[in-house]
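Chemist: The structure's right below; bear with me while I get my questions together.
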Amino acid sequence: MGAYSAPSRWFKIHAVSHVDKYWDPEKGSPEHARKLVEGCPYGALRYDEKIDKLFRNYHDCHQCFTCLELDQGVGAVKLPRESYTAFQEMIAISCNKVLETFDPKKVFYLNFLTQITAFCDCLGTGQPPIVNDIGVLGSKDIIAIETATLDLINKEGLIKESIPPFLKHVNLDSSENIHPFTRLQGPYKDPYEAIRFGEKMKMGTSQYELIELLTPEETSTMKTPKRDFEQEPTFL
Numbered sequence: 001m002g003a004y005s006a007p008s009r010w011f012k013i014h015a016v017s018h019v020d021k022y023w024d025p026e027k028g029s030p031e032h033a034r035k036l037v038e039g040c041p042y043g044a045l046r047y048d049e050k051i052d053k054l055f056r057n058y059h060d061c062h063q064c065f066t067c068l069e070l071d072q073g074v075g076a077v078k079l080p081r082e083s084y085t086a087f088q089e090m091i092a093i094s095c096n097k098v099l100e101t102f103d104p105k106k107v108f109y110l111n112f113l114t115q116i117t118a119f120c121d122c123l124g125t126g127q128p129p130i131v132n133d134i135g136v137l138g139s140k141d142i143i144a145i146e147t148a149t150l151d152l153i154n155k156e157g158l159i160k161e162s163i164p165p166f167l168k169h170v171n172l173d174s175s176e177n178i179h180p181f182t183r184l185q186g187p188y189k190d191p192y193e194a195i196r197f198g199e200k201m202k203m204g205t206s207q208y209e210l211i212e213l214l215t216p217e218e219t220s221t222m223k224t225p226k227r228d229f230e231q232e233p234t235f236l
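Here the UniProt record's numbering is used: the first residue of the sequence shown is 1, the next is one more, and so on.
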């Protein structure tokens with residue numbers, strides 16, 4: 001995502017989430033639209049009276065389905081699962097396009113499983129970690145490392161005390177085998193989807209083997225370096 005310009009990122013990649021029409025003005029009324037806006041617990045709905053259109057912010061929507069409950073018997077809104085799947089597929093496609101510009105032999109992936117927060121740093125605000133620090137992963141296969149990353153986060157689980165209080169529909173039912181990110185963000189947001197699309201595109205394999213290089217016991221006793229920066233890359 002970060003490799004794209006703002007117009008591509010926001011108006012092309014993110015925009016695929018809005019490919020399906022959310023509001024049907026022929027079935028709904030201005031009064032009904034305002035009722036839905038007032039009923040959304042996350043403020044994800046906005047109604048424009050001039051064009052009689054109800055907008056849904058997919059980022060703020062946590063698929064609590066309150067709007068569908070309020071819309072029962074009317075049928076003016078719909079919440080298609082495909083809208084979220086389309087965004088995950090676009091993530092895989094856009095990632096692949098970026099990687100095509102590099103020599104695969106010169107690409108190596110590092111994932112830092114530290115300071116994992118509920119939202120990305122786009123918010124520009126401090127956030128408490130919602131998963132304990134796990135470590136650093138490295139691989140030549142982007143699909144393998146992403147799969148391993150999500151698996152390790154799933155195994156570690158959420159720090160319940162750090163869950164943002166405004167997330168009112170977090171699924172903490174331990175009997176349900178769902179990823180912590182899905183528990184936080186809603187049932188339609190499956191982080192594995194982008195990986196499955198990437199694997200179909202032959203970007204790599206989800207099969208992996210974890211080889212531990214440094215254990216927590218070793219790293220906890222390591223001395224801090226005398227210098228915390230380099231004046232130039234060590235390979236020069």
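By construction, the Cβ of each residue, glycine as well, lies at the ideal position given by its N, Cα and C atoms.
1. Do Lys27 and Gly75 come within 8 Å of each other at the CB atom, strictly closer than that value?
2. Do you know how far the Cα of Val131 is from the Cα of Gln72?
3. Given that a residue counts as buried once 16 or more other Cβ atoms are within 10 Å of its Cβ, and exposed if not, what is His59?
4. When burial is assigned at 16 or more other CB atoms within 10 Å of the CB, is Arg81 buried or exposed?
5. Quick check: what's the CA-CA separation for Arg56 versus Met90?
6. Enumerated in chain order, which unbroken segments of the alpha helix (DSSP H) with a length of 4 residues or greater are wholly contained in the UniProt domain "DUF362" (76-151)?
7. When you compare only the Cα positions, how much space is there between Val37 and Lys78?
8. Quick check: Ile195 and Ile143, are their CB atoms within less than 8 Å of each other?
9. Which residues does DSSP list as the beta-bridge partners of Lys226?
10. Which first and last residues belong to the beta strand (DSSP E) in which Tyr47 is found?
11. Where does Met181 sit, in a helix, a strand or coil, going by DSSP?
12. Using beta-carbon positions only, say whether Leu113 and Gly135 come within less than 8 Å of one another.
Modeler: In short:
1. Contact: yes.
2. 37 Å
3. So His59 counts as exposed.
4. Burial call: exposed.
5. 19 Å
6. 81-99
7. The straight-line gap from Cα to Cα measures roughly 14 Å.
8. yes
9. None; Lys226 has no bridge partner.
10. Per DSSP, Tyr47 belongs to the beta strand (DSSP E) from Leu45 to Asp48.
11. Looking at the sequence shown, residue 181 is not Met but Phe. DSSP places Phe181 in helix when its eight states are reduced to three.
12. The answer is yes: Cβ separation under 8 Å.
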